[in-house]
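Position one of the sequence shown corresponds to residue 1 (UniProt numbering), numbered consecutively onward. Glycine included, C-beta positions come from ideal geometry on N, C-alpha and C. Just so you know, these numbers come straight off a predicted model, no measurement behind them.
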Amino acid sequence: MTVAHPSQNSTSSLSAEPSHALTGHLRVPGDKSISHRALIFGALTVGETKITGLLEGEDVLATAEIMRRLGAEVTRTGEGAWSVRGVGVGALREPSQPLDFGNSGTGARLIMGLVAGHPITATFIGDASLSRRPMGRVITPLSQMGAVFHAPEGGKLPLTLTGAREALPITYRSPVASAQVKSAVLLAGLNARGVTTVIEPVPTRDHTERMLRAFGAHVETETLPDGALAIHLTGQPELHPCPIVVPGDPSSAAFPVVAALIVPGSEIVVEGITLNPHRAGLYTTLIEMGGDIEVMNQREEGGEPVADLRVRASQLHGIEVPPERAASMIDEYPVLAIAASFASGQTIMRGIHELRVKESDRIAATAAGLRLNGIKVHETEDSMTVDGREGHVDGGGHVVTHMDHRIAMSFLVMGLAAHKPVTVDDASMIATSFPNFIPLMRELGAIFVGHSQ
């Protein structure tokens, strides 16, 4: 069963207008990273995995369909409720059709790892945006494990992957801090005899390790003398089903949180988001900038630390964000740049080169959008410096999103607090990660104007 979501704005452009105070309680969609992994690991168990709170955005729905094509039985049983009957490690079925990932870089890279460890062949395709994104960072280690890739120059989609007949356990020191690279290698290592080790320069989000342990795999971590983190996985485990509760996505929560901080008089409560320390960098940063964010009702759900956030409008001030924090908030820099625009003084963001190879070049796209709305910004290959306007942002810009959902949502947030409306050229791709963003924000009091809204 495939669940389709209509485009949020079938006629493309959407404008956010200066809004009154945002108020209310909300629950954002389930975490995208955890949702992808729940479907993938559920397919590798023997038995039924029940998932609640799954994000039903286009990226995750693409992963659900792909796991069906690889042999798992994946069924939607209710809103956010899914059942996965797995085939076990080593028993994936060779797909008869190409695997279409749409816009999902996470799904593509993780499932490359999965397929690389199995003796099957699959063709990976995606939309125009995903087809521009480099896959070389996962192709390199997976090739060392015995997988064979037939790809265009630069390692981009479409590509065909033939997995290893007998996957080789390797020790791989990743040159970049990337949870996707780490997860791809560990997924391939599941079907290898022996121990597969990934060494990452700084710790990245650890959802893969947490969930593997929950399903019964043996995973150990070790801090090395140089400060790098080594993750050791013992291959060919028998994974056992366990219920997965997907907490709210902190990357999605970032948009209403920043909106509440910058729209005068606002007060909202965001319920049930994961504050995994490898994902909470934005919230630490916003608090350092003077944001009134109260962490309430801390608890654990599905192995993840979870809390509610009370957020009140605040006078923000610019800071220098530590570059070592980048891995814990890499997807949130565009919306942080919006918050920085309304702050006093400069906000300096360094060590963010990874943004150059996301759904768009997010440094370039963010900087261009800021300038269109009267904000001074200086960019380098791996940094942005934003000169804040102390709440007095002109707005009025028509922003090119480059088919990037986070660029679209970030500048719609800007428009809610600017002097003049801010328009994005395309809001349709917001459905890839946050299908109900527009109606949810409207319930809080946001004003959006679009032909089909």
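Return the residue from the list the options that minimises the CA-CA distance to residue i.
i           : options            : result
residue 22  : 421, 270, 426, 360 : 270
residue 297 : 287, 279, 286, 275 : 275
residue 315 : 339, 372, 395, 233 : 339
residue 67  : 127, 41, 441, 437  : 41
residue 33  : 49, 441, 278, 86   : 278
residue 306 : 248, 193, 86, 259  : 248
residue 327 : 157, 202, 231      : 202
residue 83  : 195, 242, 138      : 242
residue 301 : 210, 232, 177      : 210
residue 232 : 196, 204, 332      : 196
residue 363 : 258, 156, 145, 404 : 404
residue 351 : 324, 401, 331      : 324
Can you tell me which of the three DSSP states residue i falls into?
i           : result
residue 141 : helix
residue 440 : helix
residue 83  : strand
residue 376 : coil
residue 292 : strand
residue 16  : strand
residue 238 : coil
residue 396 : coil
residue 391 : coil
residue 62  : helix
residue 366 : helix
residue 123 : strand
residue 115 : helix
residue 224 : coil
residue 285 : helix
residue 258 : helix
residue 45  : strand
Tell me, to the nearest whole angstrom, how far the beta carbon of residue i is from that of residue j; I am working on the premise that it is less than 8 Å.
i           : j           : result
residue 384 : residue 337 : 6 Å
residue 455 : residue 281 : There is simply no residue 455 to check, as the chain begins at 1 and stops at 453 in what is shown.
residue 238 : residue 216 : 7 Å
residue 51  : residue 72  : At roughly 12 Å, the Cβ-Cβ gap does not stay under 8 Å, so residue 51 and residue 72 are not in contact.
residue 335 : residue 413 : 6 Å
residue 321 : residue 369 : At roughly 19 Å, the Cβ-Cβ gap does not stay under 8 Å, so residue 321 and residue 369 are not in contact.
residue 420 : residue 394 : 6 Å
residue 64  : residue 74  : 5 Å
residue 123 : residue 162 : Between residue 162 and residue 123 the Cβ distance is about 10 Å, and since that is not below 8 Å, they are no contact.
residue 431 : residue 450 : That pair is no contact at about 14 Å.
residue 359 : residue 103 : 6 Å
residue 101 : residue 126 : 4 Å
residue 20  : residue 345 : Their Cβ separation, rounded to whole angstroms, is 27 Å, which puts residue 20 and residue 345 out of contact at 8 Å.
Where DSSP assigns a beta bridge to residue i, which residues make up the other side?
i           : result
residue 350 : 383
residue 359 : Its beta-bridge partners do not exist; DSSP assigns none.
residue 78  : 81
residue 233 : 196, 219
residue 269 : 25, 310
residue 245 : 52
residue 447 : 17
residue 30  : 248
residue 99  : 124
residue 274 : 306
residue 263 : Its beta-bridge partners do not exist; DSSP assigns none.
residue 148 : 162
For residue i and chain C, any beta-carbon pair shorter than 7 Å?
i           : result
residue 231 : The structure shown contains no chain C, having only a single protein chain.
- Query: Which runs of the beta strand (DSSP E) fall wholly inside the stretch 298 to 345 and span at least 3 residues, in chain order?
  - Reply: 304 to 312, all fully within the stretch 298 to 345.
- Message: Suppose only complete runs of 4+ residues qualify. What are the alpha helix (DSSP H) ranges in the stretch 151 to 211, listed by chain order?
- Response: Annotation: the stretch 151 to 211 contains the following complete segments of the alpha helix (DSSP H) (minimum length 4 residues), in chain order: 179 to 189.
- Task: Enumerate, from N- to C-terminal direction, the unbroken alpha helix (DSSP H) stretches of 4 or more residues contained entirely within the stretch 405 to 440.
- Result: Runs of the alpha helix (DSSP H) spanning 4 or more residues and lying entirely within the stretch 405 to 440 occur at 405 to 417, in chain order.
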